[in-house]
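**Q** Note that the protein sequences, when read in sequence, are chains A and B. Count along the first sequence from 1, add 92, and you get the number used in the working numbering. Count along the second sequence from 1, add 4, and you get the number used in the working numbering. The beta carbon of each residue, even a glycine, is placed where N, CA and C say it ideally should be.
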Amino acid sequence: MAALHVQGLKKAFGGLPAINDVTLEVAEGERRLIIGPNGAGKTTLFNLVTGDLFAEGGVIRLFDEDVTRLASHRRAHRGLARTYQIITLFPRDTLEHNIALALLGLTKARWDAFRGFSKHFYDDAKEVLARVGLDHLAQRPIAELAYGEKRRVEIAMALAQKPRVLLLDEPLAGLSREERASVKQLIAAIPRDTTVVMIEHDMDTALDMAERITVLHYGRVIVEGTRAEVVADPKTREVYLGH
Amino acid sequence: MVLPAGSLVLLALVPLLLGEYYVNLASQILIFAVFAASINLLLGYGGLPTLGHAAYLGVSAYLSALVALKLGLGHAFAAPLALLGTTLMAGLFGLIALRATGLGFLMLTLALSQVLWGTALRWVSMTDGDNGLRGMTRPFGLDAAAPFYYFVLLVTAVSIWLMARYVASPLGAALKGTRDQPRRMGALGHHVWMVRWVTFVYAGFWGGVSGLLFVYYHKYIHPVSLSLANSAEGLLAVIAGGSGTLAGPLVGAAIVMLLKNYVSAYIERWNMLLGFVFVFIVIFMPEGVVPGVKRLWRRFTSRG
Chain A
93 MAALHVQGLK
103 KAFGGLPAIN
113 DVTLEVAEGE
123 RRLIIGPNGA
133 GKTTLFNLVT
143 GDLFAEGGVI
153 RLFDEDVTRL
163 ASHRRAHRGL
173 ARTYQIITLF
183 PRDTLEHNIA
193 LALLGLTKAR
203 WDAFRGFSKH
213 FYDDAKEVLA
223 RVGLDHLAQR
233 PIAELAYGEK
243 RRVEIAMALA
253 QKPRVLLLDE
263 PLAGLSREER
273 ASVKQLIAAI
283 PRDTTVVMIE
293 HDMDTALDMA
303 ERITVLHYGR
313 VIVEGTRAEV
323 VADPKTREVY
333 LGH
Chain B
5 MVLPAGSLVL
15 LALVPLLLGE
25 YYVNLASQIL
35 IFAVFAASIN
45 LLLGYGGLPT
55 LGHAAYLGVS
65 AYLSALVALK
75 LGLGHAFAAP
85 LALLGTTLMA
95 GLFGLIALRA
105 TGLGFLMLTL
115 ALSQVLWGTA
125 LRWVSMTDGD
135 NGLRGMTRPF
145 GLDAAAPFYY
155 FVLLVTAVSI
165 WLMARYVASP
175 LGAALKGTRD
185 QPRRMGALGH
195 HVWMVRWVTF
205 VYAGFWGGVS
215 GLLFVYYHKY
225 IHPVSLSLAN
235 SAEGLLAVIA
245 GGSGTLAGPL
255 VGAAIVMLLK
265 NYVSAYIERW
275 NMLLGFVFVF
285 IVIFMPEGVV
295 PGVKRLWRRF
305 TSRG
């Protein structure tokens, strides 16, 4: 059974196809890398999978369940989590509160209107922050963090939910070489019961993280295969090096 | 904990220290504070700018008046019926208004409240139109200024406390999340629309509570209570005091009511003064008086 199965997916913006008949199958536990130049439709593909956007055609299946028409919060409850390329955190709130909101999202307690915010959310949040090495900043507001730290919180927020499928949208974007190495370590440590799909537009930075690679270009899948296959394929070179 | 308890004690002293005129003024400020606080739930914590919140104050006031006057029932029936009706209406209006956020939400809430204002003005056989409905009584025979003030103070304290609880709860945290990052909240498993709708209904209920106090105080209700001007005054009070803070709407309500009722006795063009005060606040404390004063105080103390 595939963790994520996308079939004949279509989405256009103002008549311009952004995702054009994309079919993709990611096995359980797999590490998949999706690469492609800017404007290839990578983030649009993620937005369709998470339900931030709705497809105009095609089917999206999570563990054999058709989720094509489900709202994004329902997909989250089925084990789907994501990070954003553009940092999307709660800047006025503390780190631990950011993580607590992620933990809260999958519990019944999220509808509690008259009880206080239970302390165990914050205890659990600190544990999650420890995993990404930020527990010493737990009580600092997000706005005071450095960019690289915010990137880690993005990932921590998704990991807090123990997702079955995790979508990482350019988690290495804008990081220094050292920061990149540490975020890569963080991603490598994600347990195997989480399937990871990662977007990157720079081919070299992320190649070593993936088992299979999909190359997206103008909303279509151009090449797909193992690392060696994709690197060797002349179509990959064409996309990245020009004609 | 010290500050709310302290202000409650101070407020309880008002009838002992001040004359009847000021006690009545204080009652009006508290009633308006409940109204402003209910707007703050939407504007301050939900990021939903409503320009139609007078609908809940007005409808609750009209319902309780109509139940008392047309059906001849006492307050024990009129008050719950008015609150129930107002809350159900908030549920329905929420379905319509929350099809949008931002400016669209603002226009929809305005349109819905204008429909009610027009109805109250034109359905003369029911509402007596521009004459308004008169002849209401206060509950428990609280006709003197001081006992009525204590009644209002009690209801206000409970209202503000329950709204503060809501804001501090997990659902309240989710509400603030939907204000700051709605997309992220959806991706985290929060039902963004439902969080907003529940808050909309809750805010409508407390708007209804302020409407009951309002009609008890005046023993009279006129379509102007349903008007855009009333919604706008509530919104201004929240913005002036500091939206998204608990004390903001209370301070804002005091500013608006003092200017409207007290200063207007000395200055004929009090509306102009109100305008100047708001311009002053927006220029020097754009985040509102409560956060603004806190900021100035910090700057002052750190310098000393």
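(1) Alpha carbon to alpha carbon, what distance is there between B/GLY78 and B/PRO84?
(2) Residues in its own chain within less than 6 angstroms of A/HIS335 by CB, not counting five upstream and five downstream?
(3) Considering A/MET93, what are the terminal residues of the alpha helix (DSSP H) in which it resides?
(4) For B/SER68 versus B/ALA41, is the C-beta distance shorter than 8 angstroms?
(5) Taking all protein chains shown into account, do 16 or more other C-beta atoms lie within 10 angstroms of the C-beta of A/LYS211, making it buried, or fewer, making it exposed?
(6) Measure the alpha-carbon distance for B/ALA178 versus B/ALA207 and round it to whole angstroms.
(7) Can you find a CB in chain B that lies within less than 8 angstroms of the CB of A/HIS212?
(8) So A/PHE146 contacts chain B; which residues on that side make the cut at Cβ distance below 7 angstroms?
(9) To the nearest angstrom, how far is it from the Cα of A/ALA104 to the Cα of B/THR160?
(10) Mind checking if B/ASP184 is an interface residue toward chain A, Cβ cutoff 8 angstroms exclusive?
(11) Got a sec: is the Cβ-Cβ distance from B/HIS222 to anything in chain A below 8 angstroms?
(12) Is there a C-beta anywhere in chain A that falls below 8 angstroms from the one on B/ARG299?
(13) Would you mind reading off the limits of the alpha helix (DSSP H) that contains A/THR142?
(14) With 8 angstroms as the C-beta to C-beta threshold (strictly closer), list the residues of the stretch 190 to 220 of chain B near chain A in chain order.
(15) Nearest by alpha-carbon distance to B/HIS57: which of B/LEU278, B/ASN234, B/TRP301, B/ASN275 is it?
(16) Go ahead and pull the three-state DSSP assignment for B/ILE164.
(17) Do B/ILE35 and B/LEU217 have their C-beta atoms closer together than 8 angstroms?
(18) What are the start and end residues of each continuous alpha helix (DSSP H) run of 4 or more residues lying completely inside the stretch 240 to 293 of chain B, in chain order?
(19) Comparing alpha-carbon positions, which option in B/PRO151, B/PHE39, B/GLY10, B/ASN275 lies nearest B/PHE209?
(20) Quick one: give me the first and last residue of the beta strand (DSSP E) that A/THR287 is part of.
(21) Whose C-alpha, out of B/LEU17, B/LYS223, B/ILE259, is nearest the C-alpha of B/TYR66?
(22) Are B/HIS194 and A/ARG244 touching if we call contact CB-CB under 8 angstroms?
(23) Within the 8 angstroms Cβ cut-off, does B/GLY4 reach chain A?
**A** Walking through what the data contain:
(1) So the alpha carbons of these two residues sit roughly 11 angstroms apart.
(2) Any reading at A/HIS335 must be qualified, since the residue scores a pLDDT of 45, below 50, and its modelled position is unreliable; the value itself is stated next. Within the same chain, A/HIS335 has no close Cβ partners at all.
(3) No alpha helix (DSSP H) holds A/MET93; DSSP gives it neither H nor E.
(4) no
(5) exposed
(6) C-alpha of B/ALA178 to C-alpha of B/ALA207: approximately 16 angstroms in a straight line.
(7) no
(8) Result: empty, since nearest Cβ-Cβ is about 13 angstroms, beyond 7 angstroms.
(9) Going by C-alpha positions, A/ALA104 is about 53 angstroms away from B/THR160.
(10) yes
(11) No, B/HIS222 does not count as interfacial toward chain A.
(12) Against chain A, the CB of B/ARG299 has no partner CB under 8 angstroms away; the residue lies outside that interface.
(13) First-last of the alpha helix (DSSP H) with A/THR142: 134 to 142.
(14) GLY190, ALA191, LEU192, GLY193, HIS194, HIS195, VAL196, VAL202, TYR206
(15) B/ASN234
(16) helix
(17) yes
(18) Runs found: 252 to 261, 274 to 288.
(19) B/PHE39
(20) 287 to 292
(21) B/LYS223
(22) No.
(23) No information on residue 4 of chain B is available, as it lies outside the stretch 5 to 308 that chain B covers here.
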